[in-house]
Amino acid sequence: MSDPETAAVEYLVGVRLREVAKAEDYLAAEDLELHVGDLVMVSTEGGQTVGEVRRPRRPLPDFKRDRPFQRVQRPATEAEGHEWRERREREKRAIVTCQHKARDHRLAIKVVDVEFTPGARRTTVYFNAEERVDFRELVRDLAREFRARVEMRQIGARDVTKVMDGIGPCGRQLCCSSYLRKFEPISVKMAKTQDMPLTDNRLLGNCGRLKCCLLYEFSLYEELRARLPRVNTPCQASCGGGGCMNGKIRSLRVLKQSVIVGFPDGTEAEVPIDQVTWEGRAHIQAQLK
């Protein structure tokens, strides 16, 4: 059993295997001097391959010591780096070639990315299509073009946007291209809970689907909304020195934790929730405790 004091110190390094992929954490030994932009050989499920360092090394946190990280084996040689860069350039040219071939076959698809395996024995073409397409002739044509086995892999609209990258309406890089690891289901309910107009096109992201950021504050809105009565609930509202007046909930102000109360004389007023009573309030408060 090795002595903890003499055991080799290991670090985490962020390495990406492709330009369109996210940088994943790999274990690196202390004696490896690695910097952002360096090419390294890493272990993967399919064997060793070249990757690019995208995040500098940092200490391995205690809570991650039991996780099964792949390892950085060594820096890539000059020849390995040259082959990696050359393959990336061929992949970029192949995207254009695949798109032209698809048009020749009158296929309504959008070629997003092409991946060559080392040795160019297999080619994976990533594409998006709105409808089902028969690409058998295209595969045979591309196999002759690349002299390799061709696999067509369809991806969704969100994945296309993730690969293509872009700037969101917030002025920052798209979440899916910058840091999101996986896509979570986004529903209309999330927009309703946050009082967003469902006919507003601003709810849609660059991919044409509901924005991923609708999920970020959804749980908070659900928690705050659970403390409020439903719209059209009869209530009593405290209106300063005028005592309590009967009314009905017209609308909610979730973040402000207040409600708009409509009174029998046709007037309305915004009242903090702690000054409103309604049937069922005690039950809600008991559930929140």
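With my numbering, the residue at position 184 of the sequence shown is 170, and numbering never jumps. Backbone N, C-alpha and C fix where the C-beta goes; we use that ideal spot for every residue, glycine too.
Per DSSP, which one or two residues make a beta bridge with residue i?
i: Asn232; result: Gln222
i: Ser244; result: Arg239, Pro258
i: Ala15; result: Glu(-4)
i: Gln140; result: Phe113
i: Thr35; result: Val28
i: Val1; result: Glu10, Val39
i: Leu196; result: Leu190
i: Trp264; result: Cys221
i: Arg71; result: Its beta-bridge partners do not exist; DSSP assigns none.
i: Thr44; result: Sequence inspection shows Arg at residue 44; the Thr mentioned does not correspond to that position. DSSP lists Leu(-2) as partners of Arg44.
i: Val119; result: The partner list for Val119 (beta bridge, DSSP) is empty, contrary to what the question assumes.
i: Val58; result: Val28
i: Arg135; result: Arg108
What span of residues does the alpha helix (DSSP H) with residue i cover, start to end?
i: Tyr207; result: 204 to 211
i: Ser173; result: First-last for Ser173: undefined, no H or E at that position.
i: Val125; result: 122 to 132
i: Cys162; result: 161 to 164
Which of the three DSSP states, helix, strand or coil, is assigned to residue i?
i: Met150; result: helix
i: Thr63; result: coil
i: Val82; result: helix
i: Asp90; result: helix
i: Arg76; result: helix
i: Pro(-10); result: Because Pro(-10) sits at a pLDDT of 47, beneath the cut-off of 50, its placement in the model cannot be relied upon, and the following sentence gives the value as read from the coordinates. Coil, per DSSP.
i: Lys178; result: helix
i: Asp52; result: coil
i: Leu184; result: coil
i: Leu20; result: coil
i: Leu214; result: coil
i: Asp145; result: helix
With a 10 Å radius around its C-beta and 16 neighbouring C-beta atoms as the bar for buried, classify residue i as buried or exposed.
i: Asp(-11); result: Annotation note: pLDDT 48 at Asp(-11) (below 50); position unreliable, coordinate value reported separately. With fewer than 16 other Cβ atoms within 10 Å, it is exposed.
i: Asp17; result: exposed
i: Phe132; result: buried
i: Glu254; result: exposed
i: Arg53; result: exposed
i: Ala65; result: exposed
i: Val136; result: buried
i: Val(-5); result: exposed
i: Asn192; result: buried
i: Lys50; result: exposed
i: Ile172; result: buried
i: Glu(-9); result: The predicted model places Glu(-9) with a pLDDT of 47, which falls under 50 and marks its position as unreliable, so this point remains unresolved.
i: Val174; result: exposed
i: Thr109; result: buried
i: Thr179; result: buried
i: Thr185; result: exposed
Assuming residue i contacts residue j (C-beta within less than 8 Å), just tell me the rounded distance between them.
i: Val22; j: Gln59; result: Going by Cβ atoms, the distance from Val22 to Gln59 rounds to 19 Å, so no, they are not a contact pair.
i: Arg213; j: Gln243; result: 7 Å
i: Tyr112; j: Arg74; result: That pair is no contact at about 15 Å.
i: Arg236; j: Val247; result: 7 Å
i: Val119; j: Ala80; result: Between Ala80 and Val119 the Cβ distance is about 19 Å, and since that is not below 8 Å, they are no contact.
i: Val39; j: Val(-1); result: 6 Å
i: Leu13; j: Gly37; result: Not really, about 13 Å apart at Cβ, beyond 8 Å.
i: Thr147; j: Leu160; result: 7 Å
i: Leu20; j: Trp70; result: With 8 Å as the limit, Leu20 and Trp70 do not qualify as a contact, their Cβ atoms being about 16 Å apart.
Check for me: the beta strand (DSSP E) holding residue i runs from which residue to which?
i: Asp99; result: 96 to 102
i: Val28; result: 25 to 30
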